[in-house]
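Reading through the structure tokens given below for one structure.
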Amino acid sequence: MKNRRSGFLIMKNMLSLVGDLYPLMILAVFIGSLGHLCASFVTIFAGFGLLAIIKGANFYFFIKVILSIAVFRGIFHYIEQYLNHYLAFKILAKIRHLVFKKMRKLAPAKLCTKERGKLISLITSDVELLEVFYAHTISPIAIAICYMIFMLIFISRLSIYQAGLAFLAYLSIGCIIPLYIGKLNKDLGLLSRNKTGELNSFVLERIRNLYEVKQFKLKEETKEKLIEKSRALKEVDYKINKIKSLQEALTTGLVLLSSLAMLILSIYLYKKQIIGLYAIILASLSILSSFGPFIALANLGNFLAFSLASADRLLDLLEESPIVEENLEDRQGEDFIKANIKNISFAYKNEEIIKDFSLPIEKGKILGLYGKSGCGKSTILRLLMRFWDVDKGEISINDDNIKNIPSKNLRKMQSLLAQDTYIFNISIEDNIRLAKLDATKEEIIEASKKASIHDFIVSLPNSYKSLAGEVGSGLSAGERQRIGVARAFLHDSELMLFDEPTSNLDILNEIIILKSIKESSKDKTILLVSHSLSSLSIADQKIKVGDRRKS
């Protein structure tokens, strides 16, 4: 289990992302401080006006001053909020860029896990929650400190005793309460974000497999699990809301108590002839009107726990080491001649999947891999693509360990058709073009014909320009799979890796695709994983994974 970061360390790391936006942050703090001072001095000047009117001063002068200060208060508040949110969303855009940059480094191994819902929660709601930190935490803390210094100097001119009481009140509301509430919320904030991630993962999984849920009558089971996970999240949120109510009660109570204490202290000092009557009025009005910045800090204890929990999860991702270090060397690519899998062993999460497996791969051959589920057939293809590195043994291409081959050259040399074909909500033509961005329309049509999908595409109202729908919702499983096959043919690599390429196809389409694969093997090398004996009929050699017997 990883060591938890302290709140201070999390905030320090998040502040490091501000970068060259610090001048704007300082400006926001300065203007925000002026805005809060204007809010307080509306009340304080009203007190001055009352004292002056008693002595016969011009009433309208103070009305004009108070109205002017109120107008400036509105202007300063608007500018402060604008700057804070401008900063926050600029930084969030930067964080999203860093997250996706990191995801590219961690992929594809990271995306092979079953925690996609947690990743989606992290890069959407977790990043959004950081807005609380950047827009409603940094500036308010700095503003409260600047504001407190000014107000303490002002009140100390009336009496050092009154200033001391004001300091204790500010410290209690702006520091002690948020620290106490933050401590209560510390574990709950992270637990809430994790429960949210689990709920998102579950919902995403069931939506993606809605057909199976209906087919196997899993509706009630899904409903029960959804209620269970929702209740678990609700219980955590209920505890958080109880703590929020406690914070609001403590804050309101301390504001009233501090104001009353200031009045009592001022009357006592007046009776002792330490201060005059004006000091009673001004000190009471000053403290009564000065709690705004500190109440904002007190409220942070409720929201900051979520923000820090989100930041902690985000930092985990940004600091995560890639399972495989990409080879970024820039050198000329080579033609595929041969590959060799030699005595490899591989374990995933301490579960051994492949042990002492060897397989020479010759150019121009079709090799068929078969075996029971979970024996490592698909894993072998991914190890060839270097999704992971083997624990023992070696995989080489052209007698060169694949670790030494630049990643871009390796990707260009290989193409993988996985069991799950992801379809984007763009045109079918652009979905196929993903395999080769500079492909011509003729090349796309040729690849589609090889994949036996061309006739279906041209039957659509907009032909190749037809939208595929979100996650390929407008297509059947077989159509999605054939688009994946078309991508593989369009990529036109020298080493083609097919993982169950015909599992969702009828016999006619299977025959057409297998014929295309067979014809492609004249100048390419193909590894074909399948449970179907008919699919393996085109293989020059069949290898049973698990006992390494050849047939």
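Residue numbers for the sequence shown, in this note's numbering: 1406 to 1956. Where a beta carbon is used, it is the ideal one built from N, C-alpha and C, also for glycine. The structure presented is a predicted model; accordingly, all values stated were derived computationally and were not measured.
Pair within 8 Å by beta-carbon distance, residue i and residue j
i, j, result
"residue 1426", "residue 1495", "yes"
"residue 1509", "residue 1598", "no"
"residue 1489", "residue 1540", "yes"
"residue 1477", "residue 1450", "no"
"residue 1849", "residue 1895", "yes"
"residue 1505", "residue 1436", "no"
"residue 1759", "residue 1784", "yes"
"residue 1771", "residue 1904", "no"
Supposed close pair residue i, residue j - CB separation, criterion 8 Å
i, j, result
"residue 1763", "residue 1747", "5 Å"
"residue 1590", "residue 1710", "3 Å"
"residue 1887", "residue 1857", "6 Å"
"residue 1707", "residue 1649", "5 Å"
"residue 1808", "residue 1796", "So it is not a contact: roughly 13 Å between Cβ atoms."
"residue 1722", "residue 1527", "6 Å"
"residue 1443", "residue 1471", "The Cβ separation is near 10 Å, so there is no contact."
"residue 1532", "residue 1501", "6 Å"
"residue 1824", "residue 1935", "That pair is no contact at about 11 Å."
"residue 1619", "residue 1775", "Their Cβ separation, rounded to whole angstroms, is 31 Å, which puts residue 1619 and residue 1775 out of contact at 8 Å."
"residue 1853", "residue 1831", "No, residue 1853 and residue 1831 are not in contact; Cβ-Cβ is about 16 Å, not under 8 Å."
"residue 1534", "residue 1712", "5 Å"
"residue 1415", "residue 1564", "That belief does not hold up - the Cβ atoms of residue 1415 and residue 1564 are roughly 40 Å apart, past 8 Å."
7 Å Cβ shell around residue i - same chain, five flanking residues per side excluded
i, result
"residue 1629", "none"
"residue 1942", "none"
"residue 1736", "1811"
"residue 1645", "1590, 1593, 1597"
"residue 1917", "1857"
"residue 1937", "1907"
"residue 1656", "1578, 1582, 1700, 1703"
Heavy atom of the ligand ATP within 7 Å of residue i beta-carbon
i, result
"residue 1672", "What this structure holds is no ligand at all, so the ligand ATP is not there to describe."
For residue j and residue i, the rounded distance between their alpha carbons
i, j, result
"residue 1731", "residue 1724", "16 Å"
"residue 1662", "residue 1654", "12 Å"
"residue 1826", "residue 1890", "9 Å"
"residue 1750", "residue 1511", "22 Å"
"residue 1900", "residue 1726", "29 Å"
"residue 1608", "residue 1874", "20 Å"
"residue 1897", "residue 1424", "44 Å"
"residue 1939", "residue 1919", "9 Å"
"residue 1752", "residue 1950", "15 Å"
"residue 1683", "residue 1552", "22 Å"
"residue 1516", "residue 1647", "37 Å"
"residue 1840", "residue 1933", "19 Å"
"residue 1789", "residue 1782", "11 Å"
"residue 1524", "residue 1603", "10 Å"
"residue 1587", "residue 1566", "31 Å"
"residue 1705", "residue 1547", "13 Å"
8 Å CB neighbourhood of residue i in its chain, flanking five on each side removed
i, result
"residue 1767", "1743, 1930"
"residue 1601", "1526, 1530, 1638"
"residue 1664", "1689, 1692, 1693"
Contacting residues, own chain, Cβ-Cβ under 6 Å from residue i (five flanking each side not counted)
i, result
"residue 1910", "1883"
"residue 1579", "1549, 1699, 1702"
"residue 1668", "1689"
"residue 1626", "none"
Runs of alpha helix (DSSP H) lying entirely within the stretch 1628-1666, each at least 4 residues, in chain order | none
Which runs of the beta strand (DSSP E), 3 residues or longer, sit entirely within the stretch 1569-1605?
-> none
Taking the runs of the alpha helix (DSSP H) that are 4 residues or longer, which of them lie wholly in the stretch 1823-1879?
-> 1833-1838, 1846-1855, 1859-1863
Can you list, in chain order, the stretches of the alpha helix (DSSP H) that have 4 or more residues and sit fully within the stretch 1439-1515?
-> 1464-1511
What runs of the beta strand (DSSP E), each 3 residues or longer, lie entirely inside the stretch 1876-1940?
-> 1900-1904, 1930-1934
Return the chain-ordered ranges of every beta strand (DSSP E) run that is complete within the stretch 1687-1765 and spans a minimum of 3 residues.
-> 1743-1753
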